Structure formats: structure tokens, C-alpha cells
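As C-alpha cells, the structure follows; a few thoughts come after it.
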């Protein structure tokens, strides 16, 4: 059992609300007194994941476990799955449609950014069934 | 450079955050692609963007950015202003296009962040 566990349902139909969960996690971590640089790493990774859920998977769930030595995040969706994870990890590769680009996302930086800001990143994905992403940021 | 200096250099209108104009900013980022903004870590930065939607404010929130400048005379709606107000983020709007706005701030000594 972690110190604090947070759960969020991310709605898939409202782009303007994407980021609410990440913003809430940020506020919680700040209240708990974590280092601002660590908080930034956690919430940037989480925010990119949250955006991905809304763009690609019609929403999903986020679970965050906060411990003194690390923050763990599980982002689960029932979207289309990722056909080629290695390709999706390449900076600049994107399958996002033009309407998403017009909103400021879909530059193909989501997964590379998540990897960059976390200490561990694991993706379980199955085409037609969904994607679950496991992220960990260590407290240094 | 302070937010007030940015406002003066860009002849910008203050949309919200009047109380925070004396804040110091140390770097700047100009982009309409939020993931590109999220790729660069900057301390106390200002974001210049031609994109106007809630995610611009969310991005600034995640990055601990102090101020957003909307270029080309873009103006956010009330929901976006409310989001920024709740997060103590200053919103400015300038008639200048992105390139000119960035160039003028650069000329006055403001620089981009480090690429990690």
C-alpha cells in the first residue's frame, strides 16, 4: 500500500478538460512538499499520457501511487492499441489527425517526452483492445 | 527580464495577472506545438504562442511557466482566462507576429532554454 493513491477517470470526448487529472496530481504533490523539478517530470509525463488518451483512445483511467521514494503511474485505456511501439517511440512520428495538430498536439513528441521525463516506462498494448502504460519517477 | 518589461517591449495588453507583472522570467519559448514546449525544461519561462485553447494554459501550468503571450492579436475566451487566473499565470496579447515578438525579446537579452 502506498502513502497516497489517486484515481482519475479521463473523459474522452472533451479535449478542453484534458489535463485536469495531471493538474490535480501536481497540486497534490506540491502540497506534499516534493521538489518542483521532480513534480515537473511527473506531471509532464502524465499530461502527455492524458492527452494521448483523449486524442487516440476516447479517454481512460489514471492511477497514481505516491511514496516517499517514487511516484508510480498507471494509464489504462480501451483504445485501438499501438501497432508499432518502437516506431511510436521515435521523436516526430505521429498518427494523430490534422484536427489534433490544430490543437497543438500530434507532433510525435508524446511518447518520447514521457520516456525522457520518467525513470521507467513500460507499455502493454494490444490492437483493438487498448493500451496500459506503467511509469515510474524516482525521488532522488 | 520582468513580465512588465515583456509587456512594454511587445506593446502587449494585459489580459489577466496584473498583480504578477514584477515576476522575473529567465527564458522564453515560442511555439504552437505544445509537445515541443513540453520537450524543453526551462526555469521561470515565458511562452509565446499563436495557439489559443485551454491546453496552452495547461502546458504552462505543467511547466511552471509564469506568463503566456498570445501573438498576432489572438485573444483567449473567458474559460481560458479563468483557467490562467486560477493558476496565477499572466496572460498577455500582442499584435506582433510570432517571429517579430520573439526577435524583439531576444534583442533585449531574453534567451531560450537549454535543450536536454
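Residue numbers (the working numbering), protein chains in the order written: chain A, 47 to 186; chain B, 465 to 580.
We put the CB at the ideal spot given by N, CA and C, even for glycine.
Quick caveat, the model's predicted, so the values are computed rather than measured.
- A straight line joining the alpha-carbon of residue 153 of chain A with that of residue 100 of chain A spans about 15 Å.
- In this structure, the CA atom of residue 566 of chain B is about 38 Å from the CA atom of residue 169 of chain A.
- Annotation for residue 178 of chain A: 122, 170 place their beta carbon closer than 6 Å to its own, counting only its chain and skipping 5 residues before and after.
- Secondary structure note for residue 495 of chain B: it is in no alpha helix (DSSP H), with a DSSP letter that is neither H nor E.
- Boundaries of the alpha helix (DSSP H) around residue 102 of chain A: 82 to 102.
- The segment 511 to 530 of chain B and the segment 139 to 153 of chain A touch, with no fewer than 3 CB-CB distances between them shorter than 8 Å.
- Chain B places a beta carbon closer than 7 Å to that of residue 149 of chain A, counting this residue as a contact.
- One finds 499, 502 in chain B with Cβ atoms closer than 8 Å to the Cβ of residue 94 of chain A, taken in chain order.
- Residue 90 of chain A reaches chain B at 502, 526, 527, counting residues in chain order whose Cβ is nearer than 8 Å.
- Taking a Cβ-Cβ cut-off of 9 Å, residue 143 of chain A has no neighbours in chain B, whose nearest Cβ is about 15 Å from it.
- Under the Cβ criterion of 7 Å, residue 487 of chain B is not counted among the residues facing chain A.
- With fewer than 16 other Cβ atoms inside 10 Å of its own Cβ, residue 131 of chain A counts as exposed.
- Residue 557 of chain B: member of the beta strand (DSSP E) spanning 554 to 557, first to last residue.
- For residue 72 of chain A, the neighbours in chain B by C-beta distance under 8 Å run, in chain order, 525, 526.
- Contacts between residue 57 of chain A and chain B, judged by CB atoms closer than 8 Å, are missing: the closest CB pair is about 14 Å apart.
- Out of A:124, A:88, A:83, the CA that lies nearest to the CA of residue 183 of chain A is found in A:88.
- Under the 7 Å criterion on CB atoms, residue 179 of chain A is classed as non-interfacial with respect to chain B.
- Distance from the CA atom of residue 72 of chain A to the CA atom of residue 163 of chain A, rounded to whole angstroms, is 15 Å.
- Contact with chain A is absent for residue 561 of chain B, since none of that chain's Cβ atoms lies less than 7 Å from the residue's Cβ.
- Between residue 480 of chain B and residue 563 of chain B, the alpha-carbon positions lie close to 23 Å from each other.
- Below 8 Å, too few C-beta pairs join the segment 112 to 121 of chain A and the segment 480 to 499 of chain B to call them touching: fewer than three.
- Around the beta carbon of residue 482 of chain B, fewer than 16 other beta carbons lie within 10 angstroms, which makes this residue exposed.
- Here the alpha carbons of residue 52 of chain A and residue 157 of chain A stand approximately 22 Å from one another.
- Within 8 Å of the CB of residue 540 of chain B, no CB atom of chain A is found; the nearest one sits about 12 Å away.
- For residue 515 of chain B, the nearest beta carbon of chain A is closer than 7 Å to its own beta carbon.
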